[in-house]
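In my numbering, the protein residues as written are 355 to 493. First comes the structure, then the notes that go with it.
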Amino acid sequence: MNHFRVAALLACLCGATLLSACASLPFGGGAATATNHPRGDIGGPVQSGLRDGIALYNNGDYNGAIRRLGMADVSSGPKATQLEALKYTAFSYCLTSRQTLCRLQFEKALKLDASFDLAPGEHGHPLWGPVFVKAKKTR
355 MNHFRVAALL ACLCGATLLS ACASLPFGGG AATATNHPRG DIGGPVQSGL
405 RDGIALYNNG DYNGAIRRLG MADVSSGPKA TQLEALKYTA FSYCLTSRQT
455 LCRLQFEKAL KLDASFDLAP GEHGHPLWGP VFVKAKKTR
């Protein structure tokens, strides 16, 4: 096999790997809106904080997402809002190599709701999937 074919094959494999990794991200990496958010309309002041935090996450500002999702307007919101914020905060910690803090967020979510779970596409993520499994086992 010549070098050109090897390079082309490697490029295809890398592209497929990137596409599969992006597919495991919530919302396909796009910003959450009222029309594509799995919980429906995310309007209102409390939900605005959640929407802002998810947008920061989707834009790759993981530290900004952690700060925004931890603010009182989000963390004191309805249980569904708190769970979503804890999940994205955990994801952000895992993506910034802070696995202990990631696990603690998952543990908080499981304490708030013992039935808390990740979506099927989120379970297999190489960074937060194993951390979630460990958090779930410690319950």
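Idealized CB from N, CA, C, for every residue including glycine.
- In this structure, K488 lies near R457, with their beta-carbon atoms less than 8 Å apart.
- K441 sits buried, since 16 or more C-beta atoms from the chains shown fall within 10 Å of its C-beta.
- Beyond the five residues adjoining it in sequence on each side, L481 comes within less than 7 Å, by CB distance, of C448 and L449 in the same chain, given in chain order.
- Rounded to the nearest angstrom, the gap between the Cα atoms of S402 and G483 is 27 Å.
- Setting aside the 5 residues that flank it on each side, E461 is surrounded in the same chain by A489, each with a C-beta closer than 6 Å to its C-beta; the list follows chain order.
- Taking the Cα of A419 as reference, the smallest distance to any Cα among S446, T435 and P432 is reached at S446.
- Within the model, the alpha-carbon separation for R421 versus P432 is close to 18 Å.
- Per DSSP, reduced to three states, the secondary structure at D406 is helical.
- Taking 8 Å as the cut-off, the Cβ atoms of F486 and L472 count as close.
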